[in-house]
Amino acid sequence: MTTLLNASNVRKTYRLGRVDVPVLRDASISIEEGEWVAILGSSGSGKSTLLHLLGGLDRGDSNSGPIQFGDEDLRKFSPRRENHYRNRDVGFVFQFYHLLPELNVLENAMLPALVGLSRLRWHREKSALRARTTELLTTCGLAHRLTHRPSELSGGERQRVAIARALINHPRILLADEPTGNLDAETGRGILDLLAERHAAGLTLVMVTHDATIAARAQRQVRIVDGRVV
Ligand SMILES: Nc1ncnc2c1ncn2[C@@H]1O[C@H](COP(=O)(O)OP(=O)(O)O)[C@@H](O)[C@H]1O
Ligand SMILES: [Mg+2]
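The letter at position 226 of the sequence shown is residue 226 when you use our numbering, and the numbering goes up by one with no holes.
So, in structure tokens, the structure goes:
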């Protein structure tokens with residue numbers, strides 16, 4: 001088995017006024033290629049904090065242990081490498097979708113593929129990119145919504161767009177933070193089915209949830225307790 005991500009003794013402390021609030025205290029987790037791991041924990045236990053660190057969206061304390069992506073240490077990334085990691089190596093799905101309201105579904109999903117693309121390459125590649133994004137959105141059940149704005153979509157449809165956006169650059173790993181947390185049970189099941197399909201097709205998946213029923217869909221479950229992964 002190949003280890004994709006390996007966090008060991010990660011520490012993250014927030015400072016509230018003059019008080020230090022340690023959230024992660026030597027948290028360790030290893031993600032193998034092809035796995036579907038659920039990270040459980042009560043509200044405020046540090047699930048989002050850990051996922052943000054794994055996705056390179058935030059950094060640990062100065063005395064934190066490493067997060068390894070293959071043989072690279074995220075702490076040692078240059079700004080350029082960090083941007084590339086966030087944009088290409090990982091995909092991130094948020095509970096509240098974070099779509100851009102003025103862009104339509106196709107444009108939202110395509111956006112990460114446009115980052116860093118020169119005008120020349122955009123002109124050369126735009127029709128291929130549009131076709132690839134349309135195909136991905138179709139497999140996400142959104143073929144009939146391509147030109148709609150997010151405000152015209154249901155919550156489940158918005159999350160499908162967010163998943164397509166997270167997958168457009170073929171990430172090595174998808175990190176999903178309570179992806180069904182804002183949805184009713186049935187709509188949430190549809191989103192989990194979509195993630196399960198992607199996992200079956202080879203995607204490595206790390207999903208944060210506070211709900212044991214949702215976590216049961218994963219292959220492996222871990223829990224954050226007192227700032228550690230147990
Ligand atoms: N930016 C921040 N500044 C200060 N405290 C924060 C910040 N983000 C999170 N926290 C605190 O850290 C703890 C863990 O937060 P979080 O990782 O969001 O938990 P979870 O996702 O498990 O609900 C909570 O007590 C939260 O209030
Ligand atoms: Mg959270």
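By construction, the Cβ of each residue, glycine as well, lies at the ideal position given by its N, Cα and C atoms.
In this model, A166 and N63 are separated by some 31 Å (Cα to Cα). Around the Cβ of T138, a 10 Å sphere holds fewer than 16 other Cβ atoms; the residue is exposed. The C-alpha of T187 is placed about 17 Å away from the C-alpha of V208. Two segments are said to touch when three or more pairs of C-beta atoms, one from each, lie closer than 8 Å; by this definition the stretch 180 to 198 does not touch the stretch 103 to 118. Shortest gap from the CB of K126 to any heavy atom of ligand 1: 6 Å or more. Per the C-alpha coordinates, the member of W36, L205, V105, R121 positioned closest to L146 is V105. Excluding the 5 residues flanking it on each side, L120 has no same chain C-beta neighbour closer than 6 Å. L175 is a Cβ neighbour of F92, given a cutoff of 7 Å. Relative to ligand 1, the beta carbon of G70 is positioned no closer than 6 Å to any heavy atom.
Under the three-state reduction of DSSP output, I214 falls in the helix class. For secondary structure counted as the alpha helix (DSSP H) over 4 or more consecutive residues, the stretch 12 to 84 holds these complete runs in sequence order: 47 to 54, 79 to 84.
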